[in-house]
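Enquirer: Below is the structure I would like to discuss, written out as C-alpha cells.
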Amino acid sequence: MRLGVLFSGGKDSLFACWKAMQQEEVACLITIISRNPESYMFHTPNIRLAALQAEAAGLPLVEEETKGEKETELLDLKRALLRAREEFGIEGVVTGAIQSVYQATRVQRVCRDLDLWCFNPLWNADQEAYMEELVERGFRVIIAGVFACPFDASWLGREIDRRTLDDLRAIARKYRTTLTGEGGEFETFVTDAPFFSRRVAIEEASRIYRNYNGVLRIERAGLVAK
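Using this note's numbering, you'd call the opening residue of the sequence shown number 1274 and step up by one each time.
What follows is the structure in C-alpha cells.
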C-alpha cells in the first residue's frame, strides 16, 4: 500500500515513518505549515525545515499552509491529502499520534471522508519502550521547544540520548509529565534517522525563552555526510 506520512520533523512523525517503511511503501511526506504558533493540530517549531529533512530522506514533500484556526485547519489538511493522493497515489496516511484523542480522531475523520486508510503505529505505545527504541535505532533528536516546568532554557537544543532519557524519567516521576512530551511539555527536531542518506547540521540557531516556555529557532541548517 502506498502511504503518505503526516510529517512535522519531530521524533514521533519520523519514527512513525520508519515503522511504516517496515511494512508498506512510503510514497511521500505531508507537512502542514501553520501560521499560528499555537495550532491546535499541528507541530510548529522549525516546521519549514521539514523540506530539508525530506531531502535527507529522499522522499517528495507535499506542503500546505494553514492559518491554524481551530477546526478550519482541517480543511487545509484535507486539501494536502487530496494533493498527495492525486500526485503520488497514496492509499493511506501515517500519523505519529501517541495519546492525543483530539488529533487522532480528527485525522481519522478526514481520512474516512477521503476513503484513505489511517495508520497510527505509535498509538497507545509503551512510552518507555518507544523512547528506548528511538535512541537504540540511531535517531538523533534534539529538544526544540519547552512548555512546562521544570524545563529551563538549558533544555533547548539538548539531544535525547541515554543521559537525557534518564533525566526525562526523573522529571516524569516527580512532575507527572509524559516521557514523550505528548502532554505538550516539549517538542523535538530530528537531525538524523536510519533512513536519512545525510544528516542535518544546524549552523545557526537562537533561543527564545521565558517562564518555562521557549523555543530553539533554527535559522540556518544544511545537509552533511553521515
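The C-beta atom is built at its ideal place from N, Cα and C for all residues, glycine as well.
All values reported here derive from a predicted model rather than from experimental measurement.
By the three-class DSSP mapping on this structure, what secondary structure does residue 1301 have?
Expert: strand
Enquirer: Excluding the five sequence neighbours on either side, which residues of its own chain have a C-beta within less than 6 Å of the C-beta of residue 1358, listed in chain order?
Expert: none
Enquirer: Report all residues from its chain with a CB closer than 7 Å to the CB of residue 1450; omit the five preceding and five following residues, and keep chain order.
Expert: For residue 1450, same chain residues with a beta-carbon under 7 Å away, outside a window of 5 residues either side, are 1421, 1444, 1456 and 1458 in chain order.
Enquirer: Between residue 1360 and residue 1447, what straight-line distance do the alpha-carbon atoms span, to the nearest angstrom?
Expert: 48 Å
Enquirer: Could you compute how far the alpha carbon of residue 1461 sits from the alpha carbon of residue 1434?
Expert: 13 Å
Enquirer: Can you confirm whether the region 1320–1333 touches the region 1288–1303 when touching is taken to mean that 3 or more C-beta pairs between the two stretches lie within less than 8 Å?
Expert: yes
Enquirer: Could you pull out every residue in the same chain whose Cβ sits closer than 7 Å to the Cβ of residue 1284, ignoring the five residues on either side in sequence?
Expert: 1407, 1412, 1414, 1461 and 1463
Enquirer: List the whole-angstrom C-beta distance separating residue 1418 from residue 1318, where the pair is believed to meet the contact cut-off of C-beta under 8 Å.
Expert: Yes, they are in contact, since the Cβ atoms of residue 1418 and residue 1318 sit about 4 Å apart, within 8 Å.
Enquirer: Assess, as a yes-or-no matter, whether the region 1465–1474 is touched by the region 1321–1329 under the definition of 3 or more beta carbon pairs within less than 8 Å.
Expert: Counting Cβ pairs under 8 Å, three or more are found: they touch.
Enquirer: By the three-class DSSP mapping on this structure, what secondary structure does residue 1306 have?
Expert: strand
Enquirer: Assign residue 1461 to one of three DSSP states: helix, strand, or coil.
Expert: strand
Enquirer: Do the CB positions of residue 1339 and residue 1323 come within less than 8 Å of each other?
Expert: no
Enquirer: Have a look at residue 1487 and residue 1309 and give me their C-alpha separation to the nearest angstrom.
Expert: 16 Å
Enquirer: When we look at the beta-carbon of residue 1404 and count the other beta-carbons within 10 Å, is it buried (16 or more) or exposed?
Expert: buried
Enquirer: Excluding the 5 residues preceding and the 5 following residue 1475 in the sequence, name in chain order all residues of the same chain whose CB lies nearer than 6 Å to its CB.
Expert: 1491 and 1494
Enquirer: Would you tell me roughly how many angstroms separate the C-alpha atoms of residue 1428 and residue 1289, rounded to the nearest one?
Expert: 24 Å
Enquirer: Where does residue 1395 fall in DSSP's three states?
Expert: In the three-state DSSP reduction, residue 1395 falls in the coil class, being neither helix nor strand.
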